[in-house]
Every structure is written in structure tokens, then in C-alpha cells.
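A.B. asks: In order, the protein sequence lines correspond to chains A and B. Residue numbering for the first sequence follows the working numbering, beginning at 1 and increasing consecutively. Residue numbering for the second sequence follows the working numbering, beginning at 235 and increasing consecutively. From the three backbone atoms N, C-alpha and C, an ideal C-beta is built for every residue, glycine too. Being a predicted model, the structure only gives us computed values, none of them experimental.
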Amino acid sequence: MEQVYQFFINLFNALAAELQYAKVLMPSLMQGLIVTLKIFILTLVMSLPLGLPFALGSNSRRVIIRIPCRVYIWLFRGTPLMLQLFFFYFFLPIVTGIKLDGFTTAVFTFVLNYAAYFAEIYRGGIESIDRGQYEAAQSLGLSRTQTLFGIIIPQMIKRVLPPISNETITLVKDTALVSVIAVGELIRVARGAVNRDVKVTAFVIAAIIYLILTFVLTLLSNHLEKRFSRHEAQ
Amino acid sequence: MGAENTVNNNEYVLQMHNIVKEFGELKALDDVSLSVKQGETVAIIGPSGSGKSTLLRCVNRLVTISSGQILLSGEELARTDSQGRVIYPPESKMRKLCANTGMVFQHFNLFPHMNCLQNISYAPIKVKGVEPAKARERARELLKLVGLSDKEKVYPGQISGGQKQRIAIARGLAMEPQIMLFDEPTSALDPEITGEVLAVIRRLAEQKTTMLIVTHEMGFAREVADRVVFMDNGMIIEEGPPEQIFNNPKCERLQSFLSAVLS
Numbered sequence: 001m002e003q004v005y006q007f008f009i010n011l012f013n014a015l016a017a018e019l020q021y022a023k024v025l026m027p028s029l030m031q032g033l034i035v036t037l038k039i040f041i042l043t044l045v046m047s048l049p050l051g052l053p054f055a056l057g058s059n060s061r062r063v064i065i066r067i068p069c070r071v072y073i074w075l076f077r078g079t080p081l082m083l084q085l086f087f088f089y090f091f092l093p094i095v096t097g098i099k100l101d102g103f104t105t106a107v108f109t110f111v112l113n114y115a116a117y118f119a120e121i122y123r124g125g126i127e128s129i130d131r132g133q134y135e136a137a138q139s140l141g142l143s144r145t146q147t148l149f150g151i152i153i154p155q156m157i158k159r160v161l162p163p164i165s166n167e168t169i170t171l172v173k174d175t176a177l178v179s180v181i182a183v184g185e186l187i188r189v190a191r192g193a194v195n196r197d198v199k200v201t202a203f204v205i206a207a208i209i210y211l212i213l214t215f216v217l218t219l220l221s222n223h224l225e226k227r228f229s230r231h232e233a234q
Numbered sequence: 235m236g237a238e239n240t241v242n243n244n245e246y247v248l249q250m251h252n253i254v255k256e257f258g259e260l261k262a263l264d265d266v267s268l269s270v271k272q273g274e275t276v277a278i279i280g281p282s283g284s285g286k287s288t289l290l291r292c293v294n295r296l297v298t299i300s301s302g303q304i305l306l307s308g309e310e311l312a313r314t315d316s317q318g319r320v321i322y323p324p325e326s327k328m329r330k331l332c333a334n335t336g337m338v339f340q341h342f343n344l345f346p347h348m349n350c351l352q353n354i355s356y357a358p359i360k361v362k363g364v365e366p367a368k369a370r371e372r373a374r375e376l377l378k379l380v381g382l383s384d385k386e387k388v389y390p391g392q393i394s395g396g397q398k399q400r401i402a403i404a405r406g407l408a409m410e411p412q413i414m415l416f417d418e419p420t421s422a423l424d425p426e427i428t429g430e431v432l433a434v435i436r437r438l439a440e441q442k443t444t445m446l447i448v449t450h451e452m453g454f455a456r457e458v459a460d461r462v463v464f465m466d467n468g469m470i471i472e473e474g475p476p477e478q479i480f481n482n483p484k485c486e487r488l489q490s491f492l493s494a495v496l497s
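Dropping the structure here:
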């Protein structure tokens, strides 16, 4: 009985010490989190719209437009994101002489990478729209542009929401990759603390933060999907 | 057939001369000529694969012809030049011409992201530049015409097939077309609700709306059409007033077709 009691005392003390330590870690982790969120939001805001012209371009009847769009999508989906980061961070400055800082390079690379993924998702969404919709639009005299923006894209958005939110969750976790080009986001800060203090607490906290972020994103996407399907049959 | 029709006769809303449509090896339409007068209701009947729908879809260029000539209210939509090439007018001109036709599809093809009122008023606003308030007012009149005034704010996903098709008819009428094209408007509907759609089309016929209807409903064709056209193998085999076609069919193929569908 005495031993069990002692065990809980020790456990409690250990937890209290961990919490104390975590409190010390928090300010720097929060700074890392802010960098992570900045990359995440900037990437999302720019790559979501950028994917659309590439999606349309990769379905264009004109070869001059179609081939470059497809090559771009192929390159960015076909190589590791980390390699792309290295390329733009280390190699591009040698060739062009333009040296961007780590953060800008990270956002730049992520936008290009994610726009390629979004382009493919949009393309699939557009292709899934029934031919009858185009026929109805044509029979009413709507132009190609009116058909695309008034009829096709609004329906496409609803269909691509699930894969888009999937990619969005992947993006949150992918931001961890930018630590390889010395951007002080959450993982890099956490690893610094782990190496310095020889304690994994920082990683545990980072994991919890990622879980909270992805949980919030899941709620958000569920909400959006519900909103967009409110016109469905019962 | 159609030989007595003179080109540029404004009495004709639609004139199709010597239409050929080839899908690769297959001749879907083989030298078909068909004209529709102002206020006339023409029904096209025939077995599946006879080219009825293809012919209808040539009228608003959902299908491009391989040769022949099409005139809408005397204006040329398609012609064949001396080298046998089919010439359509430029995109914007063609859109304007085709907007003079309204089409009702077998599978409705309503816009699922718009409510019924928006479905009807969208094209008049975007294509004709009608003031939104006016377009909505007109859409409400059309909803009343098809008996669905209470469905204004409802989305297509929430109504029955028969109601969808009535909305689709209203959508076509909203552009104030000179001719309404119906592509098997009741084929995708349950038998017990085809009546409500047919009733709307019947009312349009009474109002002398010019209509070209591809249908499998023989009773309806007989009752509502001024003229019935029988097609088989991409050709018009026989045409005439419904009494003649249904009571006194001349050619054997029509006789066997009628005995098959009416038995």
C-alpha cells in the first residue's frame, strides 16, 4: 500500500515538473507555431486560386497551353516536396543569382507545389460534371465563359471539397519540411529544444498542436461540406 | 419531302435541307429534310437509333452536321459550300441563333446549384441582358404556367422528376424561343407522372407554340401533333397528319413499328 501511494506521489511530482518545463518551452514553440501558420495560410490563399488556371489550361484544346500546364503539374507532383525546397533554396540562387530568404522560398515552393495538386483536383472535378450541363448551357445560348463560371465551377467546388480539405490537412503537416532550409517553424523549434535539453517534451507538445490544428480543419471542412450540400435531396 | 419548301420563307421557323450526319462509318442521318411552320407542333417518332434525337440536336448545334443546310427563321445556321464543307457562322452569331431555340432534355439537365427561379431567369439575364427584376417576374409567370409557383426557392434536387421537367420547360420558354425542342421529355419519368409533363406541353400546343417533339408516347403524339414524322435508319420514311400516320400508315415499316409499340 505504501509503495502504491509513493508511486502516485512520484508520478504527480514528475508531471508537475514536466508542466513547469512545458511552460518554459511555450513562448518559443508559439513563435514556431506562428511561422507554421503563416506558411500554411499564405500557401493556401495563393495556391487555391492558382490551381484553377492550371486545371483549365491542362484541359485546353490548344497544345501551346495544354503541354506546359501538364508538364508543370507532372514536375511538381512527381518530385518530393523536400527536393523542390532544396532546389529553390540552394540551386536557383546559383543559376539566377537571386537569393531569397528561407521563409519566402518556403512559401514560393509550397504555393507552386500545392497549386499543382489543386489543379489536378479541380480538373477531376470539372471532368466529373455531366455533359448535359454543358448541353443545357449551350442550348440557352450561354458563352463558354458564362458556362464555366456560372454553371460548371460552382458545381465543381462542391465536389472537390473533400479532396481539397484532405490536401489542406496534408499541408499543415508538410510545413514541417521547411525546417530543412532553416526556417524556424514549429518542428525546428521543437527539435532545438529536444537536442538542447535531451527531453522529448517539445515533440509531444508539437504533436498536440498539430492534432489541434488538423482537428479544427476537419471541423471546418465538415461544416463547409454540409453548407454546400444543403440543396441535395433529403 | 420538304421539296416544296422555298428557302427564306419566313413562315417557316425551322428549315432543314438534306441533312447528313456521319459518326465515323455510321450514317446517323441520311439526307433528311424537315421544316416546321410557325405555330406548328411536329412529333418525331421511330425506333431507338433511328436518328430522331440526332436530328433534333442538329437544330441547336448540339450535333454538328456533316452536310446540308439549316435555317432558323430564315437565318442560316449551317450550310454546305461547293466543296462540300459545312460552314457555321462565327461563335457569337451562332449562339444568338441557337438561343432562338429552347430545348428540353430527357434527363432535365437543370442546374443543381440554382433554385428553380434562378434556373429559369439565369439565361435571360446573362444572355439577353434582361434586368434581373424583370427576368424574375417573367420566371414567376412561367412557374405559374407550369403549375409550380410554390417551388420558386426550391432546388432541383428536392423535387420530383415530373416537376424537374416542368421547370426545364419553363427554363426553355424563358428565352422566348421561336421554337421549342423536346428530346424525349417523358422517357426518364415514371409512367404515372408523365401526364403532368404532357399536360404542360399540351397547353403550349393550344397556345400555338412552335414545337418539335421527339417522343415515344404515341397517344400523345397523335393527340397533340399537327404533323407526325416517322424516322427509321436515319431517314424520314413517312410523314403526315396524325390520323393518316396512325390510322392509315402507308409503308410497311411504319405499320410494323406501330403494331409493335401499340400492342
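In chain order, what residues of the same chain have a beta carbon less than 7 angstroms from the beta carbon of S493(B), not counting five sequence neighbours either side?
C.D. replies: Result list for S493(B): empty, nothing under 7 angstroms.
A.B. asks: In whole angstroms, give me the CA-to-CA distance for L306(B) and S139(A).
C.D. replies: Rounded to whole angstroms, L306(B) to S139(A) spans 14 angstroms at the Cα level.
A.B. asks: Say whether the stretch 297-315 of chain B touches the stretch 482-490 of chain B, bearing in mind that this needs 3 or more beta-carbon pairs closer than 8 angstroms, one atom from each stretch.
C.D. replies: Touching, no, given that fewer than three Cβ pairs across the two stretches are closer than 8 angstroms.
A.B. asks: Which term fits K99(A), buried or exposed, when burial requires 16 or more other beta carbons within 10 angstroms of its beta carbon?
C.D. replies: Classification for K99(A): exposed.
A.B. asks: Does the CB of N294(B) have a neighbour CB from chain A at under 7 angstroms?
C.D. replies: Chain A, which has a Cβ nearer than 7 angstroms to the Cβ of N294(B), makes this yes.
A.B. asks: Here's a check: name, in chain order, each residue in its chain whose Cβ is nearer than 6 angstroms to the Cβ of V247(B), leaving out the five neighbours to either side.
C.D. replies: So the list reads V270, Q272, S307, Q412, I413 and T444, once near-sequence residues are dropped.
A.B. asks: Applying the 10 Å Cβ sphere with the 16-neighbour rule, what's the burial state of R405(B)?
C.D. replies: It counts as buried.
A.B. asks: Taking Cβ positions, are A402(B) and T275(B) nearer each other than 7 angstroms?
C.D. replies: Going by C-beta atoms, A402(B) is not nearer than 7 angstroms to T275(B).
A.B. asks: Look at the alpha carbon of L75(A) and the alpha carbon of E225(A), and state the distance between them as a whole number of angstroms.
C.D. replies: Each residue's alpha carbon lies about 31 angstroms from the other.
A.B. asks: Check for me: the beta strand (DSSP E) holding L382(B) runs from which residue to which?
C.D. replies: No beta strand (DSSP E) contains L382(B), which DSSP labels as neither H nor E.
A.B. asks: Anything in chain A within Cβ reach of C332(B), meaning under 8 angstroms, just list it in chain order.
C.D. replies: Those are Q138, S139 and G141, listed as they occur along chain A.
A.B. asks: What first and last residue would you give for the beta strand (DSSP E) that runs through Y246(B)?
C.D. replies: Looking at the DSSP string, the run of the beta strand (DSSP E) that includes Y246(B) is Y246 to F257.
A.B. asks: Return helix, strand or coil for K286(B), following the three-state DSSP convention.
C.D. replies: In this structure, K286(B) counts as helix in the three-state DSSP scheme.
A.B. asks: Counting only runs that start and end within the stretch 354-422 of chain B, where is the beta strand (DSSP E) found for 3 or more residues in a row?
C.D. replies: For the stretch 354-422 of chain B, whole beta strand (DSSP E) runs of length 3 or above, ordered along the chain, are 413-417.
A.B. asks: Give the list of continuous alpha helix (DSSP H) stretches no shorter than 4 residues that lie fully inside the stretch 132-219 of chain A.
C.D. replies: Those alpha helix (DSSP H) runs which fall completely within the stretch 132-219 of chain A and span 4+ residues are 153-174 and 186-197.
A.B. asks: Which residues of chain A have a Cβ atom closer than 9 angstroms to the Cβ of R329(B), listed in chain order?
C.D. replies: Those are Q138, G141, L142 and S143, listed as they occur along chain A.
A.B. asks: I need the boundaries of the alpha helix (DSSP H) containing K327(B), first residue and last residue.
C.D. replies: K327(B) -> alpha helix (DSSP H) spans E325 to C332.
A.B. asks: Go to V266(B), then tell me how far its alpha helix (DSSP H) extends in each direction, as first and last residue.
C.D. replies: Unbroken run through V266(B) is the beta strand (DSSP E), L260 to K271; no alpha helix (DSSP H).
A.B. asks: Might you give, ordered along the chain, the residues of its own chain that have their beta carbon closer than 6 angstroms to the beta carbon of V236(A), omitting 5 neighbours on each side?
C.D. replies: This structure cannot settle anything about residue 236(A), because the visible part of chain A is limited to 1 through 234.
A.B. asks: Hey, could you find the ends of the alpha helix (DSSP H) I64(A) is sitting in?
C.D. replies: From DSSP, the alpha helix (DSSP H) with I64(A) extends over V63 to G78.
A.B. asks: Can you tell me which of the three DSSP states A312(B) falls into?
C.D. replies: Three-state result, A312(B): strand.
A.B. asks: Please report the distance separating the alpha-carbon of N482(B) from that of V495(B).
C.D. replies: Going from the Cα of N482(B) to the Cα of V495(B) covers about 16 angstroms.
A.B. asks: With 8 angstroms as the C-beta to C-beta threshold (strictly closer), list the residues of the stretch 142-170 of chain A near chain B in chain order.
C.D. replies: The stretch 142-170 of chain A vs chain B, Cβ under 8 angstroms: L142, S143, Q146, G150, I151, P154, Q155 and K158.
A.B. asks: Could you spell out the range, first to last residue, of the beta strand (DSSP E) harbouring Q441(B)?
C.D. replies: Note, Q441(B): premise wrong, no beta strand (DSSP E); not H, not E.
A.B. asks: Alpha carbon to alpha carbon, how far is S497(B) from M452(B)?
C.D. replies: Each residue's alpha carbon lies about 11 angstroms from the other.
A.B. asks: Let me make sure I understand the geometry here. Which of E418(B), C350(B) and R313(B) has the alpha-carbon closest to that of S394(B)?
C.D. replies: Out of E418(B), C350(B) and R313(B), C350(B) has the C-alpha closest to the C-alpha of S394(B).
A.B. asks: Using a C-beta cutoff of 7 angstroms, does H251(B) count as contacting chain A?
C.D. replies: No, no contact with chain A.
A.B. asks: Roughly how many angstroms separate the alpha carbons of L296(B) and Y89(A), rounded to a whole number?
C.D. replies: Distance between the alpha carbons of L296(B) and Y89(A) is about 51 angstroms.
A.B. asks: According to DSSP, is I126(A) part of a helix, a strand, or is it coil?
C.D. replies: Note: I126(A) maps to helix in three-state DSSP.
A.B. asks: Specify the secondary structure class of I479(B) as computed by DSSP and reduced to three states.
C.D. replies: DSSP places I479(B) in helix when its eight states are reduced to three.
A.B. asks: Rounded to a whole number of angstroms, what is the C-alpha to C-alpha distance between G125(A) and V388(B)?
C.D. replies: Rounded to whole angstroms, G125(A) to V388(B) spans 25 angstroms at the Cα level.
A.B. asks: Please name the residue, chosen from P475(B), L289(B), Q249(B) and V364(B), that lies closest to E309(B) on a Cα-to-Cα basis.
C.D. replies: Of the listed residues, the one whose Cα sits closest to E309(B) is Q249(B).
A.B. asks: Quick check on the burial criterion: 16 or more other C-beta atoms within 10 angstroms. Buried or exposed for H223(A)?
C.D. replies: With fewer than 16 other Cβ atoms within 10 Å, it is exposed.
A.B. asks: Sorted by chain position, which residues of the same chain lie with C-beta nearer than 7 angstroms to S421(B)'s C-beta, five sequence neighbours on each side aside?
C.D. replies: If we look at S421(B) and ignore the five residues flanking it on each side, its Cβ neighbours are Q340 and H450.
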